[in-house]
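Numbering (this note's numbering), first residue to last: -4 to 273. Reading through the structure tokens given below for one structure.
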Amino acid sequence: MDSIKEMWNRFTQSIVNYLPDLGGALVITVIGIIISIILVSLTRKALQRKKVDPSLVDFISRCVRLLIYAFTLLAAMSALHISITGIVAFFSAAAAAVALALKDRLNDIASGIVILFTKPFVTGDFIEFTKYSGFVQKIDVMHTNIRTYDGTNVIIPNSVISNAEVNNYTAHPQIRVTITVPIPYDANIKQVQALLTDVIEHTNLVIDDENYPKKVRLEKFGESALEFTVRCYCEYKDYWTVYYALMEGIKNTLDENKIAIPYNQLDVHVINKNDDKQ
């Protein structure tokens, strides 16, 4: 009985002796959390004042928070007289193992950091690459979210984007609209050019500037038709509106002027062998 009582006394005494260290570690933890909140808030406000991309703001804020948490954890462990050398070695070995297991994910992270800092595109830009095109909704460390024209939210690994050829239409907001129009071979070339040019002139949202020329040219001699090319420029956000307006305007103008749009056809010549024998 006396031995149990002695063990209990030793236990309670060790807790009492340990309380100051435990309290110090708790105070350090609370201070670390408060410093983290303040510094992250100041960092976000400073970056936002400089109009830094929101995705980059989130990434830097997250890095600041994790860094402060790491220092707070080390300080709290030191207050508890816990040797951090072995723990650092353990985490280093664990980090190496995780890096080896998640090398593809680390490639995504590295690509995300490059995208965030080099800024080939930012949130809100309209981009196109491989089989996707749409508005950038969010750039995260590992993924980029794109909203396509049909409203689909596509999540793409950053390594895929960094290894692809990306067209950023927002960086150069003026985009060319090109339409090929087949015309019968017996049509008057000058009349067709005048009619198609008039369609361009009367289409809304087409840019009226000599730096962005409107052109109608005979592009090539097709198998069944003369192929005219209609070219003009508009803002990228108006592309499909202008494209469909031109298509409708071209069809209506050709119909009004009795110019039919030819379809592919094949002339077949039949030779009667009996006639040759006679």
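C-beta: ideal position from N, C-alpha, C; glycine also.
What span of residues does the beta strand (DSSP E) with residue i cover, start to end?
{"i": "Val131", "result": "Tyr127 to Ile134"}
{"i": "Ile202", "result": "Run containing Ile202: none; DSSP gives neither H nor E here."}
{"i": "Glu123", "result": "Phe121 to Phe124"}
{"i": "Thr192", "result": "No beta strand (DSSP E) holds Thr192; the alpha helix (DSSP H) holding it covers Ile184 to Glu196."}
Would you mind reading off the limits of the alpha helix (DSSP H) that contains residue i?
{"i": "Thr236", "result": "Tyr234 to Glu251"}
{"i": "Tyr228", "result": "It is not in any alpha helix (DSSP H) - Tyr228 instead sits in the beta strand (DSSP E) that spans Leu221 to Glu230."}
{"i": "Phe54", "result": "Pro49 to Ala74"}
Is it right to say residue i is buried, meaning 16 or more other beta carbons lie within 10 angstroms of its own, or is it exposed?
{"i": "Asn206", "result": "exposed"}
{"i": "Ala255", "result": "exposed"}
{"i": "Leu17", "result": "exposed"}
{"i": "Thr125", "result": "exposed"}
{"i": "Ser154", "result": "buried"}
{"i": "Ser36", "result": "exposed"}
{"i": "Ser106", "result": "buried"}
Residue i and residue j look like a contact to me (Cβ under 8 Å); what is the Cβ gap, rounded to whole Å?
{"i": "Phe121", "j": "Val161", "result": "With a Cβ gap of about 11 Å, Phe121 and Val161 do not count as contacting."}
{"i": "Ile134", "j": "Thr118", "result": "6 Å"}
{"i": "Tyr274", "j": "Ile151", "result": "Shown here, the chain extends from -4 to 273; a query on residue 274 therefore has no answer."}
{"i": "Asp257", "j": "Glu222", "result": "Going by the sequence as given, residue 257 is Pro instead of Asp. About 10 Å separates the two Cβ atoms, so there is no contact after all."}
{"i": "Asn252", "j": "Leu190", "result": "6 Å"}
DSSP three-state label for residue i, please.
{"i": "Lys210", "result": "strand"}
{"i": "Val265", "result": "coil"}
{"i": "Val149", "result": "strand"}
{"i": "Phe116", "result": "coil"}
{"i": "Thr38", "result": "helix"}
{"i": "Val161", "result": "coil"}
{"i": "Asn140", "result": "strand"}
{"i": "Ile110", "result": "helix"}
{"i": "Pro168", "result": "coil"}
{"i": "Ile104", "result": "helix"}
{"i": "Ile256", "result": "coil"}
{"i": "Ile174", "result": "strand"}
For the stretch 239 to 248 and the stretch 191 to 204, state whether three or more C-beta atom pairs, one from each stretch, are separated by less than 8 Å. Cβ pair count under 8 Å is three or more, so yes.
| said: Within 8 Å, do at least three Cβ pairs link the stretch 54 to 65 to the stretch 19 to 39? | reply: Touching, per the Cβ criterion.
Any chance the stretch 216 to 229 sits against the stretch 162 to 179, with 3 or more Cβ pairs inside 8 Å?
Touching, per the Cβ criterion.
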